[in-house]
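Residue numbers (my numbering): 50 to 201.
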């Protein structure tokens, strides 16, 4: 039995090791900043047209800190969604203020000059995926929360 064990150990040591696979994605790796925000919509999404004439949907997501309730603060994130007609209509007509969402967004820091001449920075978030976690409470529709999932 020891000859078998010794040859097995030799074979295992000599076997080439495969590089670890990226189990979370089948696409090639890219450098970039992404954020995932889980929170509630602070207002109904709205359709906006940029100066270049491009339409997009913008919405506001409020996420609470993990501090004890006495010290808890809410951070507000503005998100832009450049989506096709069906997704745009869904966002504008179905997703409402108070909806609990999980947003996966591409994050970019933008630098601009304020009217007083100082340099200012803002965080730009562009939606890549949106998941509806829970609808807002609506007593007129039976009084229950509606759990539905949607992805863009």
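Beta carbons: idealized from backbone N, C-alpha and C, even for Gly. Since the model is a prediction, treat every value here as computed from it, not as a measurement.
- Message: So, does the segment 81-100 touch the segment 124-141, judging by three or more C-beta pairs under 8 Å?
- Response: These segments touch.
- Is the beta carbon of residue 150 sitting closer than 8 Å to the one on residue 109? The residue labelled residue 150 in the question sits at position 101 within the chain shown. The residue labelled residue 109 in the question sits at position 60 within the chain shown. Not in contact: residue 150 and residue 109 (Cβ atoms no closer than 8 Å).
- According to the Cβ coordinates, are residue 152 and residue 172 closer than 8 Å? On the chain shown, position 103 is the one that residue 152 refers to. On the chain shown, position 123 is the one that residue 172 refers to. No, the Cβ-Cβ distance between residue 152 and residue 172 is not below 8 Å.
- Can residue 117 be considered in contact with the ligand MG, in the sense that its beta carbon sits closer than 7 Å to one or more heavy atoms? As for the ligand MG, it is missing from this structure, which has no ligand bound.
- Whole beta strand (DSSP E) elements within the segment 100-173, 3-residue minimum: 104-113, 123-130, 149-162
- Spatial neighbours of residue 162 within its chain, please: CB distance less than 8 Å, with the 5 preceding and 5 following residues excluded, ordered by chain position. The residue given as residue 162 occupies position 113 in the chain shown. Answer for residue 162: 168, 169, listed in chain order.
- Use the C-beta contact count for residue 101: other C-beta atoms within 10 angstroms, 16 or more gives buried, fewer gives exposed. Taking the chain shown and counting its residues from 1, one reaches residue 101 at position 52. Burial call: exposed.
- Between the CA atoms of residue 86 and residue 128 - distance to the nearest angstrom: Here residue 128 corresponds to residue number 79 of the chain shown, with the count starting at 1. Here residue 86 corresponds to residue number 37 of the chain shown, with the count starting at 1. Their Cα atoms are separated by approximately 10 Å.
- Neighbour-count burial assignment, residue 148, 16 or more Cβ in a 10 Å radius: Counting from one through the chain shown, the residue named residue 148 turns up at place 99. So residue 148 ends up on the buried side.
- Message: Here's the rule I'm using: 16 or more other beta-carbon atoms within 10 Å means buried, otherwise exposed. How should residue 154 be labelled?
- Response: Here residue 154 corresponds to residue number 105 of the chain shown, with the count starting at 1. The residue is buried, with at least 16 neighbouring Cβ atoms inside 10 Å.
- Nearest to residue 175 (by Cα), restricted to the options 114, 131, 121, 112: Locating residue 175 in the chain shown gives position 126, where the first residue counts as 1. Out of 114, 131, 121, 112, 131 has the C-alpha closest to the C-alpha of residue 175.
- Answer with buried or exposed for residue 103, where buried requires no fewer than 16 other C-beta atoms within 10 angstroms of its C-beta. Taking the first residue of the chain shown as 1, we reach residue 103 at position 54. Answer is exposed; the Cβ neighbour count stays below 16.
- Contact set for residue 92: own chain, Cβ-Cβ below 8 Å, skip 5 residues either direction: As a position in the chain shown, residue 92 is number 43, starting the count at 1. 108, 109, 146.
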